[in-house]
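Here numbering that gives the first Met the number 0 is used: position 21 in the sequence shown is 20, and no number is missing along the way.
Contents: one structure, followed by commentary.
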Amino acid sequence: MVIAVVCAAIGLLLGLLSPVTIPIGYARYTAVALLAALDSIFGAFKAYIAGTYEPRVFLTGLVTNMALAGGLTFVGDKIGVDLSIAAIVAFGVRIFNNAASIRRHYL
Numbered sequence: 000m001v002i003a004v005v006c007a008a009i010g011l012l013l014g015l016l017s018p019v020t021i022p023i024g025y026a027r028y029t030a031v032a033l034l035a036a037l038d039s040i041f042g043a044f045k046a047y048i049a050g051t052y053e054p055r056v057f058l059t060g061l062v063t064n065m066a067l068a069g070g071l072t073f074v075g076d077k078i079g080v081d082l083s084i085a086a087i088v089a090f091g092v093r094i095f096n097n098a099a100s101i102r103r104h105y106l
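Dropping the structure here:
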């Protein structure tokens, strides 16, 4: 677990210090994909605490959530409706529920 936290901190630091910018056309897709990834990470941590963590479930959930969120945003862009809001609300609710469960576990 310590290795994962250290690697995440190093990756975050490298990401913040790198001069890479995301084109404005991909900003919504990137935001929704990051939210989906955070949802999967919080869910995996909650499962780890509960003793039910399985890497296969985490990886398939991560890829599926990101693909569905990106697909929903893409379809919404094509039909002129902001469907990314649905993904943002769904992932936001799940992130806060998982964070609350993690907090309750440590209290």
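All residues carry an ideal CB built from backbone N, CA and C; glycine is no exception.
Note that the coordinates shown come from a computational prediction; the quantities given were computed from them, not determined experimentally.
Minimum C-alpha distance to residue i - residue among the options
i, options, result
"Val88", "Arg103, Gly79, Leu71, Ile101", "Leu71"
"Leu33", "Gly69, Ala8, Ile2", "Gly69"
"Ala86", "Tyr28, Asn97, Glu53", "Tyr28"
"His104", "Leu12, Gly75, Tyr47", "Tyr47"
"Asp76", "Ala7, Ala26, Ile9", "Ala26"
"Ala35", "Leu67, Ala8, Ala99, Gly14", "Leu67"
Inter-residue Cα distance where the pair is residue i and residue j
i, j, result
"Val4", "Ala49", "19 angstroms"
"Gly79", "Gly42", "32 angstroms"
"Ile23", "Arg93", "27 angstroms"
"Ala59", "Leu106", "Sequence inspection shows Thr at residue 59; the Ala mentioned does not correspond to that position. Taking the straight line joining both Cα atoms gives about 30 angstroms."
"Met53", "Ile40", "Looking at the sequence itself, residue 53 is Glu, so the reference to Met does not match. Roughly 12 angstroms separates the two Cα atoms."
"Leu11", "Asp81", "29 angstroms"
"Asn97", "Thr51", "14 angstroms"
Distance CB(residue i)-CB(residue j) smaller than 8 angstroms
i, j, result
"Ile101", "Phe44", "yes"
"Ser83", "Val31", "yes"
"Phe95", "Asp38", "no"
Count the CB pairs spanning the segment 17 to 24 and the segment 57 to 72 that are closer than 8 angstroms, and state whether there are at least three. no
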